[in-house]
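Chains F and V are the protein sequences, given in the same order.
Numbering of the first sequence is given in my numbering, commencing with residue 1 and proceeding in unit increments.
Numbering of the second sequence is given in my numbering, commencing with residue 1001 and proceeding in unit increments.
For every residue, glycine included, the Cβ atom is placed at its ideal position computed from N, Cα and C.
In this text, all values refer to a predicted model and were calculated from it rather than measured experimentally.
Structure first, commentary second.
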Amino acid sequence: SQTIHQWPATLVQPVGSPLSLECTVEGTSNPNLYWYRQAAGRGLQLLFYSVGIGQISSEVPQNLSASRPQDRQFILSSKKLLLSDSGFYLCAWSRLGGEETQYFGPGTRLLVL
Amino acid sequence: GQQLNQSPQSMFIQEGEDVSMNCTSSSIFNTWLWYKQDPGEGPVLLIALYKAGELTSNGRLTAQFGITRKDSFLNISASIPSDVGIYFCAGTVNSGGSNYKLTFGKGTLLTVNP
């Protein structure tokens, strides 16, 4: 069976500090990978998606970047965090080849102070 | 872009009651998904619908893909306290190579009073 992991679970960072959140998927190959942000108030905003190693598409202009160094690893980064980067970050995966169903990780709660 | 209108925004019900929520769009969707999110956790897939008119059940949950392909509903029967959470609808439009992007509703917050 497939599993998706995210870490850390919770992070408190000062404004201006760097960020690195990691997501890994087990039990599948060549997944599509996604990063979402969920602010208070519930809506999910797609930040990045990737259909393969080194292939990143950005959905919204922002202070964040994403990388996919390995097939089942997806990283969300920032060089300098802003207060507005606080939120709940969710990683998700779907099967390559047109299946739309996405499966979410447990999330990372980020608080920028 | 596509938008999903999910209603109601919140519901307060008594244990044992049935619940109904829905999503509508002005665009035609070719997939409808329903997720539940518990506080502090990632959304969990409840039901996936792939064909117009499809009616699918998962225990006490039933969801349908509207025949017009512009709407979907989720029903929960005989609610229990652990049904508490935020329910999201999501879907994809028929956009060729971009099928991997989901559009999400804003969620329905369900509270169940024991």
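Cα-Cα separation, F:S58 to F:Y49: One Cα belongs to F:S58, the other to F:Y49, and the distance between them is close to 7 Å.
When you compare the CB of V:F1104 with every CB in chain F, is at least one pair closer than 7 Å? yes
Quick check: is the beta carbon of F:F48 nearer than 7 Å to any beta carbon in chain V? no
Cβ-Cβ distance between V:Y1087 and V:T1062 below 7 Å: At a Cβ-Cβ threshold of 7 Å, V:Y1087 and V:T1062 do not count as neighbours.
At least one CB of chain F closer than 7 Å to the CB of V:G1085: is that the case? Output row for V:G1085: interface = no.
Starting from V:K1036, follow its DSSP beta bridges and name the residues at the other end. By DSSP's assignment, V:K1036 forms a beta bridge with V:V1044, V:Y1087.
Range covered by the beta strand (DSSP E) that runs through F:G52: Taken as a continuous stretch (DSSP letters only), the beta strand (DSSP E) holding F:G52 covers 44-52.
Neighbour flag for F:Q73 against chain V, beta carbons, 7 Å: So, not an interface residue.
Taking 7 Å as the CB-CB cut-off, is F:L90 touching chain V? yes
Per-residue DSSP class, three states only, for F:D85: helix
Using 7 Å as the threshold, is the C-beta distance between F:L19 and F:L81 below it? yes
Go ahead and label F:F104 buried or exposed: buried means 16 or more other beta carbons lie within 10 angstroms of its beta carbon, across all protein chains shown. buried
If I'm right that F:L168 touches F:Q38 with Cβ under 8 Å, what's the distance once you round it to whole angstroms? One cannot answer for residue 168 of chain F here, as it falls past the ends of chain F, which runs 1 to 113.
So the beta strand (DSSP E) F:R72 belongs to, where does it begin and stop? Unbroken run through F:R72: none, as it is neither H nor E.
So what's V:S1082 in DSSP terms, helix, strand or just coil? helix
Bridge partners - V:A1063, DSSP secondary structure assignment: BP columns for V:A1063 point to V:T1056, V:L1074.
Starting from F:I152, follow its DSSP beta bridges and name the residues at the other end. What the structure shows of chain F is the stretch from 1 to 113, and residue 152 of chain F is not part of that stretch, so it cannot be assessed.
Can you name the residues of chain F whose CB is closer than 8 Å to the CB of V:G1107? Result: R42, G43.
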